[in-house]
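As given, the protein sequences belong to chains F and Z, one line each in that order. If you count by my numbering, then the first sequence holds residues 19 to 330, one letter each, in order. If you count by my numbering, then the second sequence holds residues 19 to 330, one letter each, in order.
There are 2 protein chains.
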Amino acid sequence: MRAATIRDGAIAVQEHPDPEPQAGELLVRVRAAGLNGPDMQQLKGRYPAPPGAPPDIPGLELAGEVVATGRGVLRFEPGDRVMALVAGGGQAELAVVHERAAMPVPDELDWITAGGVPEAFTTAHDALFTQAGLTVGERVLVHGAAGGVGMAAVQLATMAGARVTATVRDEAAREQIAALGINALEPAGFEDHGPFDVILELIGAPNLPGDVAALAERGRICVLGVGAGAKVELNLFALMAKRGRIHGSLLRPRSLEEKAAAARRVERAVLPGFASGDLSVPVTATFPLDKVAEAYERFAAGRKLGKIVLEV
Amino acid sequence: MRAATIRDGAIAVQEHPDPEPQAGELLVRVRAAGLNGPDMQQLKGRYPAPPGAPPDIPGLELAGEVVATGRGVLRFEPGDRVMALVAGGGQAELAVVHERAAMPVPDELDWITAGGVPEAFTTAHDALFTQAGLTVGERVLVHGAAGGVGMAAVQLATMAGARVTATVRDEAAREQIAALGINALEPAGFEDHGPFDVILELIGAPNLPGDVAALAERGRICVLGVGAGAKVELNLFALMAKRGRIHGSLLRPRSLEEKAAAARRVERAVLPGFASGDLSVPVTATFPLDKVAEAYERFAAGRKLGKIVLEV
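Dropping the structure here:
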C-alpha cells in the first residue's frame with residue numbers, strides 16, 4: 019500500500035507492506051483522513067508515535083470501508099462504513115483499527131467530512147462534557163475556534179444549550195463564525211467578556227492569566243493545545259478565590275479502553291447531531307494523498323476554518 | 019458578650035452586643051473555637067470578613083450549646099451540642115449559626131476537640147472526596163500534613179483505603195505522623211516518591227512544579243493553601259501529558275447552601291469515624307479566650323501537630 023511517510027523531517031508518499039488485522043481489528047480501505055496539530059509536531063520530530071502505532075506514517079483519524087476483519091470481530095463486517103481515532107497510520111491507503119475504537123459513519127456524511135470528524139468531535143466532546151461537565155445555560159469560551167476542534171466545540175456547546183463566545187484571530191474566519199450566531203471576538207481583551215463557566219484553551223500559555231481572570235466561580239479551564247507556548251506564571255490564589263480548575267488533556271496517548279469509551283459516548287451523543295442538522299464539519303481544503311506535503315503546508319499556514327482533509 | 023476582636027492589627031478581648039438569632043438561626047454559647055490560617059490573614063488586614071460576618075470578630079469554626087433559636091428552626095433545640103463552620107465571629111462567647119450549617123457533636127468528642135473539627139475535617143473531606151474524587155487504593159500525597167487540615171486529610175484518606183504519603187517540615191511532628199503508619203517525608207525531594215493520584219497542596223507555589231512531576235496519569239492536585247507563595251511557573255504541556263488537573267479551593271466564601279451541603283456530607287461520612295476510632299482530633303495547645311493574643315502567636319510560630327483551640 020501507499021502511505022504518507024515521514025523521513026528526515028519531510029513528508030511524501032511511499033510504499034509500505036499492507037497491514038494485517040489481528041484479533042478484534044478491522045482492515046480499513048481509507049477514503050479520507052483529516053490532518054491535526056500533532057501531525058505537524060510529528061513531522062518536526064517532536065512527537066514520536068506511541069508504541070504500537072506505525073512510527074513513520076502519521077494520521078490520527080480516518081474514514082473508510084471495512085475490507086477484512088480479524089478474529090473475533092463482532093461490531094462490523096466487510097463493506098461497512100467506519101470512522102475512527104487511531105494512534106497513528108491513518109494517512110495511508112490501508113489502516114488497521116480496533117473495532118472498539120471504530121464508529122459507524124452516519125448516512126449524512128460523505129467520505130471527506132467523515133474523515134474530519136473523529137479527532138475534532140471526540141476531543142471537543144470529551145473536553146466539554148466528560149471532563150468539564152458543561153451543562154445547559156453555562157457560559158463557554160472557546161479560544162482558537164476556527165480550527166477543527168474549535169469548530170466542533172462551538173457547535174456542540176450550542177447544541178447543549180450553552181452560551182458560546184469564541185476568539186478567532188483571522189478576521190474572515192471570525193465573521194464566518196459570527197454568522198453562525200456565535201459571539202466571535204478577536205483575542206485581545208477577551209477577559210473583559212466573562213465570566214465563563216468553561217474555557218476551552220486551544221492556543222496556550224499567553225491566554226492563561228486572562229482565562230483565570232475571566233473564570234466564573236467554580237469555572238473549568240480545559241487546556242488542549244499549547245501551540246503559542248506552554249509555560250505560564252499562574253497565580254494559585256486567584257484560582258483558589260474562583261474555586262477554579264485547570265485540566266490538561268491529550269487524546270492520543272490514551273489506552274484502547276479509554277478511546278473505546280470515548281467513541282461510545284460520541285456515537286450516542288454526537289452522531290445524532292449530524293442527522294438533526296445541529297452539527298456540520300466545515301472543511302477548508304482537501305488534498306489527494308499524493309499532495310500530502312502541500313496539505314501539511316496548508317495546515318501549518320493557519321487562517322483556516324475547520325478541517326484540512328486528505329482524500330485517499 | 020465578650021469576643022476576640024481585631025483592632026488596628028492587634029487582637030484582644032472586647033465587649034460586643036449579644037447577637038440575636040434570625041429565622042433559621044441558632045444562638046450558640048461557644049465552648050471552644052479552633053484557630054485557622056485565615057484568622058492570621060485577617061489579623062494582618064489581608065482577608066476581610068465576607069459580607070454578613072462580624073467584621074472585627076475572627077473565628078471560622080466553633081462548638082457549643084444551643085441557647086436560643088430563631089423562627090422556623092427544625093433541626094436543633096436549646097441544650098443541643100452543635101459544631102459549625104461560620105464565615106466569621108466564632109471566637110466569642112456567643113455566636114449565631116444557621117441551623118443548616120450546624121452539625122451535632124458526636125458523644126465521643128469533648129468541647130475542645132469538637133471546636134477543632136469543622137474547618138479541618140470539612141476542608142479535607144471536601145477536597146479529597148467531593149472535589150478530587152479520591153477512592154480506595156489510590157495514592158495520596160498531603161503537603162503540610164502536621165496542620166489541622168493535613169492531619170484530618172491523612173486520617174480520612176487512610177480511612178478510605180488510600181495509600182498515604184505526607185510531607186512534614188518539623189522533624190518531631192514528622193516522627194509522630196510516621197508513628198500513625200503514614201509514610202512521612204521531609205519536603206525536599208518528595209517528587210521522587212510518586213506517582214500520586216491525589217496531591218493536597220497546603221503549602222503553596224514552591225511545591226507545584228514537583229507536584230506536576232509527581233502526578234500520576236489523570237491525577238488531581240488540590241491547592242488549599244499558599245502560605246509559602248502563590249505565583250508559580252507552570253508547564254501546561256506537562257499537565258496535558260499527565261492529563262492532570264489543578265483545583266483551587268476556599269471554604270470561607272461559599273454560600274450557605276454549599277456549606278450546608280458540605281456539612282451534610284461530613285455528618286454522613288466523617289462523624290461516624292470518631293465513634294469507630296478511625297478519626298481523632300490532635301490538639302497541640304489550648305488557650306482561654308482571654309489569652310487569644312498568645313494563641314495567635316502560638317499558631318503563627320508553626321511547628322505544631324494538629325489544632326490550636328480557644329476555650330471559651
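Note that beta-carbon positions come from the ideal geometry of N, C-alpha and C, so glycine has one too.
Environment of residue i [buried if 16+ CB atoms lie within 10 Å]
i                      : result
residue 277 of chain F : buried
residue 165 of chain Z : buried
residue 280 of chain Z : buried
residue 269 of chain F : buried
residue 106 of chain F : buried
residue 125 of chain F : exposed
residue 109 of chain Z : buried
residue 40 of chain F  : exposed
residue 62 of chain Z  : exposed
residue 117 of chain F : buried
residue 300 of chain F : buried
residue 224 of chain F : exposed
residue 219 of chain F : buried
residue 373 of chain Z : Nothing in the structure corresponds to residue 373 of chain Z, since chain Z is present only between 19 and 330.
Extent of the continuous beta strand (DSSP E) run through residue i
i                      : result
residue 305 of chain F : 301 to 306
residue 325 of chain F : 325 to 329
residue 157 of chain F : 157 to 161
residue 64 of chain F  : Premise fails: residue 64 of chain F is in no beta strand (DSSP E) and is neither H nor E.
Counterpart residues of residue i in DSSP-defined beta bridges
i                      : result
residue 101 of chain Z : Z/81, Z/121
residue 214 of chain Z : Z/233
residue 249 of chain Z : F/253
residue 32 of chain Z  : Z/21
residue 44 of chain F  : F/87, F/115
residue 193 of chain F : According to DSSP, which records beta bridges pairwise, residue 193 of chain F is partnered with nothing at all.
residue 239 of chain Z : Z/217, Z/264
residue 52 of chain Z  : Z/327
residue 259 of chain F : In the DSSP output, where bridge partners are listed per residue, residue 259 of chain F has none listed.
residue 110 of chain Z : Z/21
Alpha-carbon to alpha-carbon, residue j and residue i
i                      : j                      : result
residue 25 of chain F  : residue 121 of chain F : 31 Å
residue 53 of chain F  : residue 240 of chain F : 22 Å
residue 188 of chain F : residue 172 of chain F : 16 Å
residue 158 of chain F : residue 192 of chain F : 17 Å
residue 267 of chain Z : residue 330 of chain F : 50 Å
residue 243 of chain Z : residue 262 of chain Z : 19 Å
residue 169 of chain Z : residue 38 of chain F  : 56 Å
residue 236 of chain Z : residue 236 of chain F : 20 Å
residue 186 of chain Z : residue 162 of chain Z : 5 Å
residue 30 of chain F  : residue 309 of chain F : 8 Å
residue 87 of chain Z  : residue 43 of chain Z  : 6 Å
residue 197 of chain Z : residue 190 of chain Z : 11 Å
residue 303 of chain F : residue 134 of chain F : 11 Å
residue 149 of chain Z : residue 265 of chain F : 13 Å
residue 128 of chain F : residue 70 of chain F  : 29 Å
residue 217 of chain F : residue 146 of chain F : 9 Å
residue 95 of chain Z  : residue 273 of chain Z : 24 Å
residue 101 of chain F : residue 76 of chain F  : 16 Å
residue 156 of chain F : residue 180 of chain F : 5 Å
residue 141 of chain Z : residue 254 of chain F : 17 Å
Test item: CB-CB of residue i and residue j under 9 Å
i                      : j                      : result
residue 138 of chain F : residue 328 of chain F : no
residue 205 of chain Z : residue 221 of chain Z : yes
residue 99 of chain Z  : residue 67 of chain Z  : no
residue 46 of chain F  : residue 91 of chain F  : no
residue 103 of chain Z : residue 48 of chain Z  : no
residue 307 of chain F : residue 215 of chain F : no
residue 182 of chain Z : residue 175 of chain Z : yes
residue 74 of chain Z  : residue 23 of chain Z  : yes
residue 213 of chain Z : residue 226 of chain Z : no
residue 136 of chain F : residue 78 of chain F  : yes
residue 256 of chain Z : residue 271 of chain F : no
residue 313 of chain F : residue 326 of chain F : yes
Range of the contiguous alpha helix (DSSP H) that encloses residue i
i                      : result
residue 310 of chain Z : 310 to 319
residue 183 of chain F : Careful: residue 183 of chain F lies outside any alpha helix (DSSP H), inside the beta strand (DSSP E) at 181 to 185.
residue 206 of chain F : Note, residue 206 of chain F: premise wrong, no alpha helix (DSSP H); not H, not E.
residue 139 of chain F : 136 to 143
residue 290 of chain F : 290 to 294
residue 4 of chain F   : Here chain F comprises residues numbered 19 to 330, so residue 4 of chain F is not present and cannot be evaluated.
residue 287 of chain Z : 274 to 287
residue 200 of chain Z : That residue, residue 200 of chain Z, is in no alpha helix (DSSP H); it is neither H nor E in DSSP.
residue 131 of chain Z : 129 to 133
heavy atom of the ligand GTP below 8 Å from residue i C-beta
i                      : result
residue 221 of chain Z : You won't find the ligand GTP in this model; it holds no ligand whatsoever.
Proximal residues, the segment 264 to 287 of chain Z versus chain B, C-beta separation under 7 Å: Given the protein chain composition of this structure (F and Z), no chain B is represented.
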